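**Student:** Numbering (our numbering), first residue to last: 1462 to 1627.
Even for Gly, the Cβ is constructed at its ideal location relative to N, Cα and C.
Values in this document were obtained by computation on a predicted structure and should not be read as measured data.
Below you'll find the structure I mean.
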Amino acid sequence: MTKLIHSFEMVVSFLNNISAKISAALLFLMMILTFSDVTGRFLWRPVTGTYELTYLWLALIVFLSLGYTQQKKGHISVGVLIDKLSVRGQAVVDIITYLIMLSILGLMSRQTFLYAQQISNNVTGDLRLPVYMFVIACAIGILLYALTVILDILKALRKVVNPNES
1462 MTKLIHSFEM VVSFLNNISA KISAALLFLM MILTFSDVTG RFLWRPVTGT YELTYLWLAL
1522 IVFLSLGYTQ QKKGHISVGV LIDKLSVRGQ AVVDIITYLI MLSILGLMSR QTFLYAQQIS
1582 NNVTGDLRLP VYMFVIACAI GILLYALTVI LDILKALRKV VNPNES
C-alpha cells in the first residue's frame, strides 16, 4: 500500500510541478504583455488582444496552480478545534473534508468539460482564439487538484490505520 501511495504521489507531484511551471510562465508573460500594452498606450500603439489574453491566462494561472498549492498545503486552514484531536481523529476529519472536496471537484470538472463542449464554436473578439481550449485547460487543472485530493485521502487513510506512521 505504501509503495502504491508513493508511486501515485510521484506521478501527481510531477504533473502538479509541470502545471505550476506553466502557471508561472503565464504569469510572467502576462506581466510582459501588460507592461507592453501600457507602454504602447503611452506611445499610441497599444497591443491588440491584451485584455483577452489577460483574462484567459488569469483563469489558467488560477486553475493550473490549485493542485500544486494543495500539494504544498498552501491553502488556508484554521485548526483551532482540529488541532486538539488525536492524530487518528485529525485524519478522520481530513478524510471527511477531502471526500467533500473531491465530490465538489468532480462536479466542477464534469461541468467545465460540458461547458467547453457548449462553447466549442466561441472565439474571442479581437484575436479570434477558440475559448474552449482555455476552458479545457482549466478543467485539466481541476482534475489535477482532484488527483492531489485523492492522494491526500490515501495518506489520511494510512494515518487512520497506523497513526504512528508519517
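Could you check the C-alpha separation between residue 1573 and residue 1601 for me, to the nearest Å?
**Tutor:** In a straight line, the C-alpha of residue 1573 is about 9 Å away from that of residue 1601.
**Student:** With a cut-off of 8 Å on the beta carbons, I'd call residue 1605 and residue 1477 a contact; round off their distance for me.
**Tutor:** The pair is a contact, with the Cβ atoms about 6 Å apart (cut-off 8 Å).
**Student:** Hey, residue 1599 and residue 1525: beta-carbon distance below 9 Å or not?
**Tutor:** Result yes, Cβ atoms of residue 1599 and residue 1525 sit closer than 9 Å.
**Student:** Decide if the segment 1605-1615 is in contact with the segment 1548-1562; the criterion is three or more beta carbon pairs, one per stretch, under 8 Å apart.
**Tutor:** Touching, yes.
**Student:** What do you get for residue 1584, buried or exposed, if any count of 16 or more other CB atoms within 10 angstroms of its CB means buried?
**Tutor:** The residue is exposed, with fewer than 16 neighbouring Cβ atoms inside 10 Å.
**Student:** For residue 1517, which residues in the same chain have their Cβ closer than 6 Å to its Cβ, ignoring the five residues on either side in sequence?
**Tutor:** Around residue 1517: 1595.
**Student:** Within a Cβ cutoff of 6 Å, which residues of the same chain sit near residue 1552, ignoring the five residues on either side of it in sequence?
**Tutor:** Excluding sequence neighbours, residue 1552 sits near 1617, 1620, 1621.
**Student:** Would the beta-carbon of residue 1624 fall within 9 Å of that of residue 1538?
**Tutor:** It is not a contact, given that the beta carbons lie outside the stated cut-off.
**Student:** Thinking C-beta only, is residue 1590 closer than 9 Å to residue 1509?
**Tutor:** Going by C-beta atoms, residue 1509 is not nearer than 9 Å to residue 1590.
**Student:** For a minimum of 4 consecutive residues, which ranges assigned as the alpha helix (DSSP H) are wholly contained in the segment 1471-1552?
**Tutor:** If we require 4 residues or more, the alpha helix (DSSP H) runs fully inside the segment 1471-1552 come out as 1511-1532.
**Student:** For residue 1592, which beta-bridge partners are listed by DSSP?
**Tutor:** Per DSSP, none; premise fails for residue 1592.
**Student:** What's the gap between the Cα of residue 1534 and the Cα of residue 1497?
**Tutor:** Those two C-alpha atoms are separated by around 35 Å.
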